[in-house]
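S.K.: The numbering of the sequence shown is my numbering, which starts it at 1 and goes up by one. Here a beta-carbon is modelled for each residue, glycine too, at the ideal position from N, C-alpha and C.
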Amino acid sequence: MSSALVPPTTLASADMDALRAEVRAFLSAEIAAGRLTPWIDTWLTRWDEDFTRRLAEHGWVGMAIPTEYGGRGRTHLERFVVTEELLAVGAPVAAQWVADRQIAPSLLRYGTEEQKREFLPRIAAGECCFGIGMSEPDSGSDLASVRTKGVRVDGGWAITGTKVWTSGAQHAEAFIALARTEPLDTTDRHAGLSQFIVDLRSEGVTIRPIVSLSGDHHFNEVVLDEVFVPDSRVFGTLGNGWDQVNSELAFERSGPERFLSSFRLLAAEIGAVSEGRLPARTDLGRSVARMAGLHALSQNIAGALQRGEPADNAAALVKLLGTTTEGDIVEVVSARLGDEFTPGDDDGAAAASELTDLLRAGLHQRPGFTLRGGTNEILRGVIARGLGMR
Ligand SMILES: Cc1cc2nc3c(=O)[nH]c(=O)nc-3n(C[C@H](O)[C@H](O)[C@H](O)COP(=O)(O)OP(=O)(O)OC[C@H]3O[C@@H](n4cnc5c(N)ncnc54)[C@H](O)[C@@H]3O)c2cc1C
């Protein structure tokens with residue numbers, strides 16, 4: 001953990017500033033052309049494969065994938081800069097998110113040469129979208145209790161079970177499913193788990209929508225009924241699923257999406273204050289200061305990943321602090337909007353409507369901030385264990 005908290009001395013370079021400016025210019029042009037409407041929590045809620053392909057053409061998808069596998073061979077720090085800009089504006093990045101964030105690095109670490117050659121170039125081209133096949137109806141925090149089973153059959157495995165809360169499964173090509181391939185050993189519950197790359201268009205896969213309170217459809221229940229997965233799609237080593245899934249979670253937890261989900265709302269609040277429609281309050285300064293701190297911490301994690309150092313505990317800490325902050329931003333705006341906002345003229349009415357729309361979306365999305373990718377209670381346990389406590 002301590003190594004991941006080294007000050008990011010290499011980050012403030014002119015190259016990084018130039019990259020940031022280039023991404024900002026691209027995003028401004030997208031907004032001006034009406035192809036991008038800034039929103040919140042877009043890495044989960046805004047799936048736009050055309051936008052993802054345009055980003056890929058600029059080399060901003062699969063940035064950290066080596067060039068030999070069709071990626072751009074850029075650093076985790078460069079990827080961090082691009083990611084932050086996309087999230088800060090609220091760009092529709094859900095289509096590339098899971099594949100770019102956690103599947104590509106997992107493939108690089110555990111995939112066979114054939115799997116790398118099959119998936120990585122298409123991920124970098126923005127043409128291959130993945131979901132996450134971990135949670136089940138009775139297995140969320142306690143992931144080792146998954147009941148999905150893999151049974152050996154001729155030439156591969158038959159996978160049977162139910163996954164739930166599978167974001168984007170209705171669009172994704174595949175997910176990596178965690179399944180039990182050996183009977184449960186009560187003395188070592190983490191043994192006997194394996195991962196499989198499951199093509200979501202295979203026979204035996206049923207994807208059922210789970211509609212959110214907002215009326216939107218991001219989640220799914222994915223039922224696997226003896227779905228055949230060939231040996232070539234076994235992911236990593238049979239029986240090593242627990243270690244692999246934890247390594248995947250480290251990538252899932254470590255990025256700036258863990259503090260920027262509601263950033264558009266904060267930006268709209270700042271806009272309203274600077275135009276005199278909302279009074280300045282200390283809450284606002286506190287939110288901005290927390291953002292600045294999280295930016296620095298999250299950047300340090302990108303630095304640790306670049307150096308190949310473990311960052312699991314630091315990532316858990318930043319996710320805990322970050323998701324709490326992004327939820328608090330929603331709470332602060334919600335508390336003050338009712339009685340402090342002055343719409344004034346027509347521009348003011350438009351600004352009011354933007355703020356209220358963002359707030360409504362924020363209130364819908366907020367409960368998920370501290371649940372997805374591991375709840376805050378679970379992360380506190382991870383951090384405590386990382387600090388050597390038992
Ligand atoms: C927006 C969103 C998107 C998601 N997308 C995906 C996805 O794409 N793929 C996927 O596989 N999953 C996904 N999930 C599922 C997510 O990973 C789980 O919701 C999460 O791990 C919690 O599991 P659970 O919902 O089963 O809650 P439970 O594990 O049942 O927990 C219920 C409550 O009990 C607490 N609790 C549980 N165990 C302990 C403990 N030991 N100590 C203290 N408190 C405890 C938890 O903190 C929580 O508050 C998503 C969830 C959300 C909200």
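(1) Measure from the alpha carbon of residue 113 to the alpha carbon of each residue in 78, 134, 145 and 68, then state which is nearest.
(2) Whose C-beta lies closer than 7 angstroms to the C-beta of residue 4 among residues of the same chain, with five residues either side of it excluded?
(3) Opposite residue 199 in the DSSP bridges: which residues?
(4) Using only alpha-carbon positions, find the residue among 215, 185 and 362 that is nearest to residue 264.
(5) Taking only runs that begin and end inside the segment 247-316, name each unbroken alpha helix (DSSP H) of 4 or more residues, in chain order.
(6) On the CB-based measure, 16 or more other CB atoms within 10 Å of its CB, does residue 248 come out buried or exposed?
(7) Is residue 141 near ligand 2, going by C-beta to nearest heavy atom under 7 angstroms?
(8) Cβ-heavy atom distance between residue 377 and ligand 1 below 7 angstroms?
(9) Give me the Cβ distance between residue 156 and residue 200, rounded to the nearest whole Å; I'm assuming they're in contact under 8 angstroms.
(10) According to DSSP, is residue 79 part of a helix, a strand, or is it coil?
(11) Which first and last residues belong to the beta strand (DSSP E) in which residue 160 is found?
(12) What residues match up with residue 209 in a beta bridge as DSSP calls it?
(13) So for residue 66, helix, strand or coil by DSSP?
(14) Nearest by alpha-carbon distance to residue 35: which of 44, 48 and 24 is it?
(15) According to the neighbour-count rule (16 or more other Cβ atoms, all chains shown, within 10 Å of its Cβ), is residue 7 buried or exposed?
(16) For residue 100, does the count of other Cβ atoms within 10 angstroms reach 16, so buried, or fall short, so exposed?
(17) In whole angstroms, give me the CA-to-CA distance for residue 13 and residue 284.
(18) I want to check one thing, is the minimum distance from the CB of residue 181 to the heavy atoms of ligand 1 below 7 angstroms?
(19) Which class does residue 194 belong to by DSSP, given the choice of helix, strand or coil?
(20) Would you mind sorting residue 220 into buried or exposed? The rule is 16 or more other CB atoms within 10 Å of its CB.
(21) Distance, Cα to Cα, residue 168 vs residue 96?
(22) With the cut-off set at 8 angstroms, would you say residue 44 and residue 94 are in Cβ contact?
(23) Comparing C-alpha positions only, which one of 385, 24, 61 and 87 sits nearest to residue 255?
(24) Pop quiz: residue 329 and residue 262 are said to be a contact at Cβ under 8 angstroms. What is the actual Cβ separation, rounded to whole angstroms?
(25) List the whole-angstrom C-beta distance separating residue 65 from residue 124, where the pair is believed to meet the contact cut-off of C-beta under 8 angstroms.
(26) Based on Cα-Cα distance, which residue from 77, 259 and 61 lies nearest to residue 319?
(27) Which ranges does the beta strand (DSSP E) cover as unbroken runs of at least 3 residues, wholly within the segment 83-151, from first to last along the chain?
(28) Between which residues of its own chain and residue 38 is the CB-CB distance below 6 angstroms, once the five residues before and five after are set aside?
(29) For residue 24, report the span of its alpha helix (DSSP H) as first-last.
(30) Tell me which same chain residues have a C-beta within less than 6 angstroms of the C-beta of residue 2, skipping the five on either side of it?
(31) Assign residue 384 to one of three DSSP states: helix, strand, or coil.
(32) Could you have a look at residue 38 and say whether DSSP puts it in helix, strand or coil?
(33) Residues in its own chain within less than 8 angstroms of residue 280 by CB, not counting five upstream and five downstream?
(34) So, using beta-carbon positions, are residue 139 and residue 147 closer together than 8 angstroms?
(35) When the Cα of residue 25 is compared with those of 85, 72 and 63, which residue comes out closest?
(36) Alpha helix (DSSP H) containing residue 182: first to last residue?
M.R.: On the basis of the supplied data:
(1) As a position in the sequence shown, residue 113 is number 113, starting the count at 1. Selected option, being the one with the closest Cα: 68.
(2) Here the question's residue 4 lines up with position 4 in the sequence shown. Residue placement at residue 4 is flagged as unreliable, the pLDDT there being 39, under the threshold of 50; the coordinate-derived value follows with that caveat. Excluding residues within five positions, the ones whose Cβ falls inside 7 angstroms are 300, 301, 304, 309, 311 and 314.
(3) Walking along the sequence shown from the start, residue 199 turns up at place 199. In the DSSP output, where bridge partners are listed per residue, residue 199 has 174.
(4) For this step, residue 264 is matched to residue 264 along the sequence shown. Ranking 215, 185 and 362 by Cα distance to residue 264 puts 362 first.
(5) 263-274 and 282-306
(6) Along the sequence shown, one-based indexing puts residue 248 at 248. That one is buried.
(7) Here the bound small molecules are ligand 1; ligand 2 is not part of this structure.
(8) Along the sequence shown, one-based indexing puts residue 377 at 377. Yes - ligand 1 has a heavy atom lying nearer than 7 angstroms to the Cβ of residue 377.
(9) Counting from one through the sequence shown, the residue named residue 156 turns up at place 156. Counting from one through the sequence shown, the residue named residue 200 turns up at place 200. Going by Cβ atoms, the distance from residue 156 to residue 200 rounds to 16 angstroms, so no, they are not a contact pair.
(10) Position 79 of the sequence shown, counting from 1, holds the residue named residue 79. In the structure shown, residue 79 sits in a helix (DSSP, three-state: H, G or I).
(11) Reading the sequence shown from its first residue, position 160 is the one you call residue 160. That run of the beta strand (DSSP E) goes 156-164.
(12) Along the sequence shown, one-based indexing puts residue 209 at 209. In DSSP, residue 209 forms a bridge with 220.
(13) Position 66 of the sequence shown, counted from the first residue, corresponds to residue 66. DSSP places residue 66 in coil when its eight states are reduced to three.
(14) Residue 35 sits at position 35 when you count from the first residue of the sequence shown. Cα-wise, what sits closest to residue 35 is 48.
(15) As a first step, residue 7 must be located in the sequence shown, where it is residue number 7. For residue 7, the pLDDT reaches just 41, beneath the cut-off of 50, and the residue's location in the model is therefore unreliable, although a value from the coordinates is still provided. Exposed: under 16 other Cβ atoms inside 10 Å.
(16) In the sequence shown, counting from the first residue as 1, residue 100 sits at position 100. So residue 100 ends up on the buried side.
(17) The count along the sequence shown starts at 1 and reaches residue 13 at position 13. The count along the sequence shown starts at 1 and reaches residue 284 at position 284. C-alpha separation (whole angstroms): 29 angstroms.
(18) As a working note, residue 181 is residue 181 in the sequence shown. Residue 181: no, Cβ never under 7 angstroms from ligand 1.
(19) Here the question's residue 194 lines up with position 194 in the sequence shown. Here residue 194 sits in strand by DSSP.
(20) In the sequence shown, counting from the first residue as 1, residue 220 sits at position 220. Burial call: buried.
(21) Here residue 168 refers to the residue found at position 168 when the sequence shown is read from its first residue. Here residue 96 refers to the residue found at position 96 when the sequence shown is read from its first residue. Approximately 10 angstroms between the Cα atoms of the pair.
(22) Against the sequence shown, residue 44 aligns to sequence position 44. Against the sequence shown, residue 94 aligns to sequence position 94. In contact: residue 44 and residue 94 (Cβ atoms closer than 8 angstroms).
(23) Along the sequence shown, read from residue 1 onward, the residue named residue 255 stands at position 255. Taking only the C-alpha atoms, the option nearest residue 255 is 87.
(24) Taking the sequence shown and counting its residues from 1, the one referred to as residue 329 is at position 329. Taking the sequence shown and counting its residues from 1, the one referred to as residue 262 is at position 262. About 5 angstroms separates the two Cβ atoms, so the contact holds.
(25) Along the sequence shown, read from residue 1 onward, the residue named residue 65 stands at position 65. Along the sequence shown, read from residue 1 onward, the residue named residue 124 stands at position 124. The Cβ separation is near 5 angstroms, so the contact holds.
(26) Here residue 319 refers to the residue found at position 319 when the sequence shown is read from its first residue. Ranking 77, 259 and 61 by Cα distance to residue 319 puts 259 first.
(27) 130-133
(28) Walking along the sequence shown from the start, residue 38 turns up at place 38. Only 89, 90 and 264 meet the Cβ criterion.
(29) Mapped onto the sequence shown, residue 24 falls at position 24. Residue 24 -> alpha helix (DSSP H) spans 14-32.
(30) In the sequence shown, counting from the first residue as 1, residue 2 sits at position 2. Residue confidence for residue 2 is low, a pLDDT of 38 falling below 50, so the modelled location carries little weight; the figure read from the coordinates is stated next. If we look at residue 2 and ignore the five residues flanking it on each side, it has no Cβ neighbours.
(31) Here the question's residue 384 lines up with position 384 in the sequence shown. Residue 384 falls in the helix class under three-state DSSP.
(32) For the purposes of this step, residue 38 is identified with residue 38 of the sequence shown, where counting begins at 1. Three-state result, residue 38: coil.
(33) Mapped onto the sequence shown, residue 280 falls at position 280. Correct list, in chain order: 273.
(34) Counting from one through the sequence shown, the residue named residue 139 turns up at place 139. Counting from one through the sequence shown, the residue named residue 147 turns up at place 147. The answer is yes: Cβ separation under 8 angstroms.
(35) Here the question's residue 25 lines up with position 25 in the sequence shown. The shortest C-alpha separation from residue 25 is found at 85.
(36) Working through the sequence shown from its first residue, we reach residue 182 at position 182. No alpha helix (DSSP H) holds residue 182; DSSP gives it neither H nor E.
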